[in-house]
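Anchor point for the sequence shown: position 93 equals 142 in our numbering, and the numbering is continuous, going up by one each time.
Beta carbons are placed, not taken as given, at the ideal position from N, Cα and C, and that holds for glycine.
Shown next, in C-alpha cells, is the structure this report addresses.
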Amino acid sequence: MKIDEIYFRTGKDKLVLKCFYADRMVEIVGYGAPLDKIAEPLSKLYLNNQSTLIAEATHLYNKLKEHGAKLTDGYFEKWLTDRPTYYGGCYLLDDLKKYPENKKIITNETSWENGITLYHTQVNNPASKFYGISPNSYPPLEAGIQLIKSHGGKVYYIPHALKFHNDGKMIFEDIIKNFDINGIIGNDDFTKNFTKEHGLEIKHTENP
50 MKIDEIYFRT
60 GKDKLVLKCF
70 YADRMVEIVG
80 YGAPLDKIAE
90 PLSKLYLNNQ
100 STLIAEATHL
110 YNKLKEHGAK
120 LTDGYFEKWL
130 TDRPTYYGGC
140 YLLDDLKKYP
150 ENKKIITNET
160 SWENGITLYH
170 TQVNNPASKF
180 YGISPNSYPP
190 LEAGIQLIKS
200 HGGKVYYIPH
210 ALKFHNDGKM
220 IFEDIIKNFD
230 INGIIGNDDF
240 TKNFTKEHGL
250 EIKHTENP
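Given below as C-alpha cells:
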C-alpha cells in the first residue's frame, strides 16, 4: 500500500496530516518518519482522503442550499461525477461568485478570497452556521503526533487556519502547551505576532 493512496505527502520524508482538535481540523507536518513504514499504521487512522473531501464539500453545498444560496444547476454534481481533483470548496466558491446576491448568505468578506479561506472561515469554524467537520474523518491530534514521533520523526504545527477563528489564539496556545511540538511552520502575521507576544522560541520556517 502506497502512502499516497491513503493520504498525501508534499515532498520526500515530509507528510502533512490533518487531525481533529477542539472541534476543528488542524494540520501538522511530519519530517523524518520513513513513509514506507508509516503507511500501514496511517491507513488505520484515516478514512480515504477523497471520501473526506467529498463529505465536507457535500455538507457545505447542502448548507448553502438550505440557507438560500444561488448555485448553478448541475455544477456541483459535475464535480462529484468527475471525481474531485482539488478541494470542492474551491469549486463551489467559483460558482458562488457568479451571483452577487450570495454575499447576503456569506457575509464574511475573508470567505470570498479563495476556497481555502471559505473552508476555514465556514466549514472548519465551529462558530459558523456552515460548520461541518466530523471527528470521524480525522484522527485526534495526539494520535497524529504520536504516529510521527514513534517512527523517529519531528512534528511541526501549521497554525494559519486559526487566524480565522475568534478563539484561535487560545487554541494555538493550548496546542503549544499540551503537545510535543518541535516547531511552527508559518510566516503569516498571525503566527509571528502570537509567538512574539508569548515569548515562544519557535522556529518560523517553510522548510524545517
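If you follow the alpha helix (DSSP H) that residue i is in, where does it begin and where does it stop?
i	result
LYS226	217-227
ASN242	238-246
LYS198	190-199
ALA88	84-94
Can you give me the Cβ contacts of residue i inside the same chain, cut-off strictly under 6 Å, excluding the 5 residues immediately before and after it?
i	result
LYS212	PHE239
ILE87	HIS200
HIS214	ASN174
GLY217	LEU211
ILE177	Reading off the sequence shown, one finds Ser at residue 177, where the question assumed Ile. Only GLN171 meet the Cβ criterion.
Based on the DSSP output, what are the partners of residue i in its beta bridges?
i	result
LEU211	Answer by DSSP bridge pairing: none, since LEU211 is not bridged.
GLU76	LYS67 and ILE207
State yes or no: is the C-beta of residue i within less than 7 Å of the C-beta of residue j?
i	j	result
ILE207	PHE228	no
ALA82	ILE234	no
ASP143	THR121	no
LYS67	TYR168	no
PHE69	PRO184	yes
TYR290	GLY232	Shown here, the chain extends from 50 to 257; a query on residue 290 therefore has no answer.
ILE225	MET74	no
TYR180	VAL78	no
ASN148	LYS119	Here the sequence assigns Tyr to residue 148, which means Asn is not the residue at that position. The answer is yes: Cβ separation under 7 Å.
VAL172	LEU109	yes
THR170	ASN157	yes
ILE220	ALA71	yes
Apart from the five residues just before and just after residue i, which ones in its own chain have a Cβ nearer than 7 Å to its Cβ?
i	result
LYS117	Looking at the sequence provided, one finds Gly at residue 117 rather than Lys. Once the five neighbours on either side are set aside, the close Cβ partners of GLY117 are ILE154.
GLY164	TYR136, GLY138, CYS139 and LEU142
PRO90	LEU196
Spatial neighbours of residue i within its chain, please: C-beta separation below 8 Å, excluding the five flanking residues on both sides.
i	result
ASP237	HIS209 and LYS212
LEU190	CYS68, PHE69, TYR70, VAL75, ILE77, ILE224 and PHE228
Pick out the complete alpha helix (DSSP H) segments inside the stretch 117-164, 4 residues or longer, and give them in chain order.
-> Counting only runs of 4 or more, we get 124-130 and 137-145.
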